[in-house]
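This report refers to the structure that appears directly beneath it.
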Amino acid sequence: KNEVEQSPQNLTAQEGEFITINCSYSVGISALHWLQQHPGGGIVSLFMLSSGKKKHGRLIATINIQEKHSSLHITASHPRDSAVYICAVKGSGNTGKLIFGQGTTLQVKP
Amino acid sequence: GAGVSQSPRYKVAKRGQDVALRCDPISGHVSLFWYQQALGQGPEFLTYFQNEAQLDKSGLPSDRFFAERPEGSVSTLKIQRTQQEDSAVYLCASSLLAENTGELFFGEGSRLTVL
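In the order they appear, the protein sequences are chains A and B.
Last residue of the first sequence: 149 in the numbering used here, with the numbers rising by one and none dropped.
Last residue of the second sequence: 119 in the numbering used here, with the numbers rising by one and none dropped.
Encoded structure:
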């Protein structure tokens with residue numbers, strides 16, 4: 040079993056829909072990152088969380104440390120949101136390496 | 005530069021050749037990471053530098069892989085005697101603070117294809 044699991048693996052939505060991507064992890068962490076990767080492109084950091092909730096534009100990220108679970112929400116989705124969304128955790132007590140989930144491929148149709 | 009720069013963006017090598025991949029992190033960033041991303045997979049950790057010190061190389065898959073950051077800025081990932089299974093995108097990331105306690109900035113990656 041992977042230490043970081045994302046669901047769903049693939050998601051297709053219509054423009055305007057509210058989207059949720061989930062991330063569960065099995066290790067103790069000090070921080071969790073949500074990252075975005077466009078096809079053929081680099082990775083962009085969206086959020087770094089250690090507790091609670093963060094909001095940036097139409098994106099919201101939450102984390103529940105006790106339940107070892109995080110969610111990424113996209114409100115009023117748009118075709119330009121189509122990308123791979125990756126959850127990555129920084130374990131507590133290590134030298135900083137991230138453990139990545141497999142990613143969720145999102146396609147938003149107009 | 006404004007971001008993390010990697011070169012070359014694309015590299016085709018014949019099996020058995022040595023390759024060198026370069027990463028220019030954001031100026032002043034303490035932490036530098038190398039990750040390997042196979043097609044359709046999430047990135048896998050290779051190695052971590054804090055300034056010039058290689059603090060974690062537990063992810064390097066074999067002794068054919070070697071990384072250095074001699075002056076605490078530019079880093080080079082070297083792969084000797086490349087094999088087909090080395091084909092992947094090699095991602096470099098940097099962070100201002102030690103131990104990845106700050107925001108992480110990724111380069112565009114170097115796509116290696118071994119024939």
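All C-beta atoms in this analysis are idealised placements derived from N, C-alpha and C, irrespective of residue type, glycine included.
Given the structure is predicted, the values throughout are model-derived calculations rather than measurements.
Taking only beta-carbon atoms, is residue 91 of chain B less than 9 Å away from chain A?
-> Taking the first residue of the second sequence as position 1, residue 91 of chain B is located at position 87. Closer than 9 Å: no.
Output the boundary residues of the beta strand (DSSP E) element that contains residue 57 of chain A.
-> Taking the first sequence and counting its residues from 1, one reaches residue 57 of chain A at position 18. No beta strand (DSSP E) contains residue 57 of chain A, which DSSP labels as neither H nor E.
Consult DSSP for residue 120 of chain B and reduce its assignment to one of helix, strand or coil.
-> What the structure shows of chain B is the stretch from 5 to 119, and residue 120 of chain B is not part of that stretch, so it cannot be assessed.
How long is the line joining the alpha carbons of residue 90 of chain B and residue 136 of chain A, rounded to whole angstroms?
-> Looking up residue 90 of chain B in the second sequence gives position 86. Looking up residue 136 of chain A in the first sequence gives position 97. Roughly 21 Å separates the two Cα atoms.
Beta-carbon of residue 127 of chain A versus every beta-carbon of chain E: anything under 9 Å?
-> In the displayed structure, chain E is absent; the protein chains listed are A and B.
Test: residue 110 of chain B CB closer than 9 Å to a CB of chain A | Working through the second sequence from its first residue, we reach residue 110 of chain B at position 106. Yes, contact with chain A.
Answer yes if the stretch 14-26 of chain B comes into contact with the stretch 72-80 of chain A, meaning at least three C-beta pairs across the two stretches below 8 Å, and no otherwise.
-> no
So which residues of chain A does residue 95 of chain B contact, with C-beta pairs closer than 9 Å?
-> The residue given as residue 95 of chain B occupies position 91 in the second sequence. Ordered by position in chain A, the residues that pass the 9 Å Cβ test against residue 95 of chain B are 81, 82.
Could you please tell me which residues of the stretch 58-78 of chain B, in chain order, have their CB closer than 9 Å to any CB of chain A?
-> 59, 60, 62, 63
With DSSP as the reference, please indicate the residues paired to residue 55 of chain B in a beta bridge.
-> Along the second sequence, read from residue 1 onward, the residue named residue 55 of chain B stands at position 51. None; residue 55 of chain B has no bridge partner.
For residue 116 of chain A, count neighbouring Cβ atoms within 10 angstroms of its own Cβ and tell me buried if that reaches 16, exposed if not.
-> What you label residue 116 of chain A is simply residue 77 of the first sequence in a count that begins at 1. That one is buried.
Name the chain B residues that come within less than 8 Å of residue 141 of chain A, Cβ to Cβ?
-> The sequence position of residue 141 of chain A within the first sequence is 102, counting from 1. Near residue 141 of chain A (Cβ distances below 8 Å), the residues of chain B are 45, 46.
Helix, strand or coil: how does DSSP classify residue 28 of chain B here?
-> Reading the second sequence from its first residue, position 24 is the one you call residue 28 of chain B. Strand.
Assigned exposure category for residue 100 of chain A - 16 Cβ within 10 Å defines buried | Taking the first residue of the first sequence as position 1, residue 100 of chain A is located at position 61. Counting Cβ neighbours within 10 Å, residue 100 of chain A comes out buried, since at least 16 surround it.
Note down, in chain order, each residue of its chain lying with its Cβ closer than 8 Å to the Cβ of residue 71 of chain B, except the 5 sequence neighbours on either side.
-> As a working mapping, residue 71 of chain B is identified with position 67 in the second sequence. Once the five neighbours on either side are set aside, the close Cβ partners of residue 71 of chain B are 38, 50, 51, 53, 58, 61, 64, 79, 80, 81, 82.
Do we get a CB-CB distance below 9 Å when we pair residue 106 of chain B with the residues of chain A?
-> Residue mapping note: residue 106 of chain B aligns to position 102 of the second sequence, counting from 1. Closer than 9 Å to some Cβ of chain A, the Cβ of residue 106 of chain B qualifies, so yes.
Leaving out five residues before and five after residue 64 of chain A in sequence, what residues of the same chain have Cβ atoms less than 7 Å from its Cβ?
-> As a first step, residue 64 of chain A is located in the first sequence; it is residue number 25 there, counting from the start. 42, 43, 107, 128.
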